[in-house]
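Chains as they are written, first to last, in my numbering: chain W, 1 to 377; chain L, 1001 to 1377; chain C, 2001 to 2377; chain E, 3001 to 3377. Here the structure comes first, spelled out in structure tokens, and everything after it is commentary.
There are 4 protein chains.
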Amino acid sequence: MRRSQNRGKLHFFVHGRQSGPKEKKMNLAEALLYALRDRGAGEIFGIPGDFVLPFFRVSEDSGILPVYTLSHEPAVGFAADAAGQVRTTLGVAVVTYGAGALNLVNATACALAEKSPLVVISGAPGVGERVGELLLHHQGKTLESQLQIFREITCAQAVLDDPERAPVEIARVLERCREWSQPVYIELPRDLVDAPCAPVPRLDPTPVDREMVEACADEVLDALLNADAPVLMVGVEVRRYNLEAKVAALARRLSLPVVTSFMGRGLLADADPSPLGTYLGAAGEPAITDLVETSDALLLLGVILSDSNLAASSRRIDLRRTIQALNRRVTLRYHTYAPVPLEALVDALLAHAPTLAPSRRPKVVIPTVEYPRGLLR
Amino acid sequence: MRRSQNRGKLHFFVHGRQSGPKEKKMNLAEALLYALRDRGAGEIFGIPGDFVLPFFRVSEDSGILPVYTLSHEPAVGFAADAAGQVRTTLGVAVVTYGAGALNLVNATACALAEKSPLVVISGAPGVGERVGELLLHHQGKTLESQLQIFREITCAQAVLDDPERAPVEIARVLERCREWSQPVYIELPRDLVDAPCAPVPRLDPTPVDREMVEACADEVLDALLNADAPVLMVGVEVRRYNLEAKVAALARRLSLPVVTSFMGRGLLADADPSPLGTYLGAAGEPAITDLVETSDALLLLGVILSDSNLAASSRRIDLRRTIQALNRRVTLRYHTYAPVPLEALVDALLAHAPTLAPSRRPKVVIPTVEYPRGLLR
Amino acid sequence: MRRSQNRGKLHFFVHGRQSGPKEKKMNLAEALLYALRDRGAGEIFGIPGDFVLPFFRVSEDSGILPVYTLSHEPAVGFAADAAGQVRTTLGVAVVTYGAGALNLVNATACALAEKSPLVVISGAPGVGERVGELLLHHQGKTLESQLQIFREITCAQAVLDDPERAPVEIARVLERCREWSQPVYIELPRDLVDAPCAPVPRLDPTPVDREMVEACADEVLDALLNADAPVLMVGVEVRRYNLEAKVAALARRLSLPVVTSFMGRGLLADADPSPLGTYLGAAGEPAITDLVETSDALLLLGVILSDSNLAASSRRIDLRRTIQALNRRVTLRYHTYAPVPLEALVDALLAHAPTLAPSRRPKVVIPTVEYPRGLLR
Amino acid sequence: MRRSQNRGKLHFFVHGRQSGPKEKKMNLAEALLYALRDRGAGEIFGIPGDFVLPFFRVSEDSGILPVYTLSHEPAVGFAADAAGQVRTTLGVAVVTYGAGALNLVNATACALAEKSPLVVISGAPGVGERVGELLLHHQGKTLESQLQIFREITCAQAVLDDPERAPVEIARVLERCREWSQPVYIELPRDLVDAPCAPVPRLDPTPVDREMVEACADEVLDALLNADAPVLMVGVEVRRYNLEAKVAALARRLSLPVVTSFMGRGLLADADPSPLGTYLGAAGEPAITDLVETSDALLLLGVILSDSNLAASSRRIDLRRTIQALNRRVTLRYHTYAPVPLEALVDALLAHAPTLAPSRRPKVVIPTVEYPRGLLR
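Right, here's the structure in full:
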């Protein structure tokens, strides 16, 4: 049941069956767990340790989300990342302060690179413990060092050191996690786990500039329709934002040949027609490589512009001749539209695209190879 | 052979047997390797990867230091840390940029916590590559993110992006590594590995304020000699600065009962008399726990004041009644002397200490237990 | 009327005569003005300008504090600084964002250097205006630039962008302003001036470590009593913390000859005996210079250790032979006690000091010169 | 005489008439002064004070640039700013550390807002003085505070604490000052003024992406030529980059009606035809206001998008219908080209623009008013 309170932009969820005067108060840990569940998280992965023990206790006692404990933090990070990716929703990794969280740095940076909506929750020394004379093992130079480190590899951060602000802070970082499909960091002092806390509000999504999106979509369509050899390369963001069906429809409508990026291999595997293959540059199928590298209008849709995806090309794709739609921005020829959310762009493309005859589709002869399915990340 | 050039505080090493006109020029990687060797490093541990391949090539071709390659960065970090600790000198870990270095964060934070002189060398994108349009996998938000992260867990950093400044920068961070016995970070862009480079100068050590050190030593001695039950607890810094023999002599001279901290277990094992045991608080041998916790002048010499060493105590030691000598500072009662290097303090204590009869030594009856040797870190 | 609410460490003031159901709600600007008045501010100085007009409107309509407008920001800063210094309480300068606040940088840095409790209040763009496309004139590189600049010259900062947190934030920075006697910075977005706001709580002062203060006082007394030629130099902090009477009593009790620092000239002018003069090094009265520079126990009480006060000395005072009590820390010989508030130290010195015969006082023959009064800062 | 040395991208100036073996070595202050003169500075304005006295001595003894001393730092800043603006070259302000430089903050922020190429040179404590125990009056919290403050209001900074790197550092910041037409900050420790120093090299300008510039110019032309009522508003950058003649030619070629922004009043005053007037929104001449606000292709050329220029409009210009060319970027409709230097854009517009008959020019009837000349900034 959802109740909207008329407090400006905030809409509150109410959890449980009873609302009104008998409504049971929740604590900060429960508010966080409900907020995760409401936004699609299916479970938490983690390793109990000193500073996060109280949060694990609440997690297990409340039963709000299933808890899976592992024995190695990198595994926690990669498991949470994968779980989120497979279900196209938040993945949650819960670790202790210091040695726990610092051992998650590499997996978090990986999630940033792969645009994966990973929520890192780290226990922390209690706000009442922060004045003592003893250092904490693995704390870095100061108690803020861990936060500073995660600033470099996550797109939003919150330290929940004030139960009154915690609901808005949680809402802010989780919303950002979903909108940007990138990891976020939440630090929870262990002595506030049981502090009374209001439910986490649902924030309105960041407003979209519809005029900009439509102008952008029109220019993209114009470039595709006027090209001799347009090609669509799909990348991981298509899956992150759950756009596979729409993108497949768009490709059909425009009779665009489709390939996937290396990191996007497996995408649209169930579409009709399915992608011609995966672009691997000099290391890949020559027909695919040639198709991509000679295209005069290569639409890189949600393709991460990293060395992993594109550096293997021997001739190197001239990015100037491509249309790059990623990370809420679209760049084509010499200019840039921003911010343009991927879903809004795809919707506008579908709304404005004409239906073309399939005869436009190039005759790419790909040797019959069984593409291995189910590997997508 | 060493040649001193009259350039202020810099003394240069010359490597090889021929100096003068035939002197072979070295490149930046060689200058770094010689500087490590000159300061005691015995080998490098690492994993070759994209951005560090040129440095590995020079490392192997030059034969300046043996190269040990492993398959997992945390192992590289812990191996280098251990090698440095066992030989009381620099340990060297060499990794690639991004996924390599970020996977070393936890081991580096551990070295910081344990006061271990670990040198982290990370390859990096070439200075000529930093303007491209492609991201690097695992790079964090920006190319500087990795440096920012290591700022939080090392005591000095250098990016060797200017071959002319590189010798002084290398000297600065390696000297700091030794003086503070804490990890440092060096980033080497891959296109400068072969740049011509002058040898790394030897910097004069940071000057010691002898008057302060002697005043401090006198006050420490005064506290020990006027106490009813003085105790000496030795910690890892005693080994880091290679002071075991001197500290054992000091304990004999003052007839001080000696215990080790948890992290310092194994220290002074070959001294006569050897330590009475290891302080583990409520979890340890009651006679040791009692000795430590009832002391009216507990000298914590090189003992890291962390939860690992001291938090296990049930009664908790009152730090006000202790003398804490660590990290180039000495705190006793309500005041602090800084900076006081540990070796200078021990030397001054030895110079000023009277010789006391062993009768002062308390009768601590410790059940005979074979202490496991060889575990020291 | 004041009411204390039992919410942990927070005690609330209630302003006005009616409490209970009819209690008039206050807005954010009023809450700030009452908080300033409650802590001793006597007026505000300022220049109305775009972003601070709403705050000026409330200031004038509410009549909580008199408002004095001037025509040049540096004059605002120096007037507020002087008003605070003369009455030994908060001085308040109110300016607009950008050109207003940036023109106050020098006066604020001066207040920092002179330990003056100046409260800088800057209007700011509304939180609802911060997304627009137009730059603001004189804004610096970003909207946060002004805050960053004031971080370098104030000891605490608050941006009041959340009316719920504002009371605690205001309390925090004003308390810090008083405890450290240094300037603070408050930024108030213009669209929140009228937001409803709870009264500002009174925070408990930072706890004092009485044991440390007494140990410190004993060591200071010991040094003074065992010296052949102890001297007391008083500086501006003695006035900032309103300690002139206590310090004069201490000087009498210990028969200490008293001089003032350059910046502290005029201090204790009404005491009996009044100071012998002002230390000006080579530029000053030779008898005073000699007295100070040959003292074997020079107590620098609240004397700022800057070039203004001490660099004029030809022989330069050897700080090692002095006792420096400033900025909540005391350094003597080779060690440091911190934190030690000046008032707590003076109280402890008075409590422990014996009464000495005036015969100890040195025979300093100072040529009779009328000291100009009323210049104190 | 200029000599180009074949060291990659660096071209050196040689100053004086004699080169070769007799060439007189210069010191750091002279190298800086020659570099300023070579880049067009006509004089230095300043106030001598402690930390900048050695630089003033060299400035006056060397006679490289005339020295004008004033008595108030804000005046120094505004004078240097104005001198640079009037002659379209670098303006130079020289002040002492602390109270001097901090009193220049507002004038520097003004230069940033107005795109004025102001070079702030601040003396600083010597590198050999930075370890002492005395604070410096007005220094901010640390010796680096002043640099941090100027980072927020200048586009490049250099601390000349290494005479070997100084030439490249000076070249870097002065080139940036010219390319961005924004203030820069140079800090010169007083004990390095006389250090031997190589001449400052001339750096190649940042390369321009000609393809991008031409694509951008074509789109701008397309928008202007297809509009019913195109208008050109010129702003201060046109003068900063000395483009008045070219812009006047462009306006003639395209028969564009020309107005100036408020901050650009006086621009193109000698062109034929001269501007119709200055846009002041609701406060200005109604015919001009109407012309601007009803334009369907308003080209804002070098117009700063600040509240000063545009906020006075009652109807507010819809920036979406404008073409904004400023700060090395061009935004039109919903997208952005960057980086596009203004001069390169104007050149490309002139190269591609057709010549249109003057009949296109709108019949704007402006009441005859003598426009006040000579006020340009």
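No residue lacks a Cβ here, since even glycine has one placed at the ideal position from N, Cα and C.
Please decide whether residue i counts as near chain C, where near means a Cβ-Cβ distance under 7 Å.
i       : result
E:A3075 : no
E:V3105 : yes
E:I3047 : no
L:A1337 : One detail in the question is off: residue 1337 of chain L reads as Tyr in this sequence, not Ala. Cβ-Cβ to chain C under 7 Å: yes for L:Y1337.
E:P3021 : Caution is warranted here: a pLDDT of 42 is assigned to E:P3021, below 50, making its placement in the model unreliable, and the coordinate value is therefore given only provisionally. It does not; no Cβ of chain C falls within 7 Å.
E:A3079 : no
Considering only residues of the same chain and omitting the five flanking positions on each side of residue i, which have a CB-CB separation below 8 Å?
i       : result
E:Q3157 : L3147, F3150, R3151, V3173, V3184, Y3185, I3186, E3187
E:V3330 : C3216, V3220, I3323, Q3324, T3336, Y3337, A3338, V3340, L3345
L:V1238 : E1244, V1247, G1264, L1267, L1268, L1301, G1302, L1342
Starting from residue i and walking both ways along the alpha helix (DSSP H), at which residues does that stretch end?
i       : result
E:L3232 : From DSSP, E:L3232 is part of no alpha helix (DSSP H) but of the beta strand (DSSP E) over 3230–3234.
W:S59   : 53–62
E:T3108 : 3105–3113
L:Q1085 : 1073–1087
W:Y34   : 28–38
L:Q1139 : Looking at the DSSP string, L:Q1139 is not in any alpha helix (DSSP H), and its letter there is neither H nor E.
Below 8 Å on the Cβ atoms is my contact criterion, and I expect residue i with residue j to pass it. Report the Cβ-Cβ distance as a whole number of Å.
i       : j       : result
W:L243  : W:L102  : W:L243 to W:L102, Cβ: 35 Å. No contact.
W:L90   : W:P117  : 5 Å
W:I64   : W:L33   : 4 Å
L:S1274 : L:V1303 : That pair is no contact at about 18 Å.
Skipping 5 residues on each side, what residues in its chain have a beta carbon closer than 6 Å to that of residue i?
i       : result
L:A1122 : In the sequence as displayed, the identity of residue 1122 of chain L is Ser instead of Ala. The answer, listed in chain order, is V1095, Y1097, A1101, E1187.
L:V1067 : I1044, S1059, E1060
L:P1054 : R1190, V1193
E:A3198 : P3167
I'd like the span of the beta strand (DSSP E) that includes residue i, first residue to last.
i       : result
L:P1189 : 1184–1189
E:F3045 : 3044–3046
E:L3332 : 3329–3332
L:P1201 : 1201–1203
E:L3118 : 3118–3124
For residue i, count neighbouring C-beta atoms within 10 Å of its own C-beta (all shown protein chains included) and say buried if the count is 16 or more, exposed if not.
i       : result
W:P396  : Because chain W in this structure spans residues 1 to 377, residue 396 of chain W falls outside the shown range and cannot be described.
W:P205  : exposed
W:D81   : buried
L:S1314 : With a pLDDT of 48 at L:S1314, under the threshold of 50, the modelled position of that residue is not reliable, and the figure given next carries that caveat. The residue in question, L:S1314, is exposed, as its Cβ has fewer than 16 Cβ neighbours within 10 Å.
L:A1041 : buried
E:T3355 : exposed
W:N226  : exposed
Within 7 Å (strictly less), CB to CB, does residue i reach chain W?
i       : result
E:Y3334 : yes
L:S1145 : yes
Checking contacts by CB at 7 Å: is residue i closer than that to chain E?
i       : result
W:A227  : no
C:A2223 : no
Can you find a C-beta in chain L that's less than 7 Å from the C-beta of residue i?
i       : result
C:A2215 : yes
W:G281  : no
W:E152  : yes
W:Q148  : yes
Closer than 7 Å by C-beta to residue i: which residues in its own chain qualify, once you throw out the five before and the five after it? Chain order, please.
i       : result
C:K2107 : The identity of residue 2107 of chain C in the sequence shown is Ala, whereas the question assumes Lys. Once the five neighbours on either side are set aside, the close Cβ partners of C:A2107 are P2074, G2077, F2078, D2081.
L:A1217 : L1345, A1348, L1349, H1352
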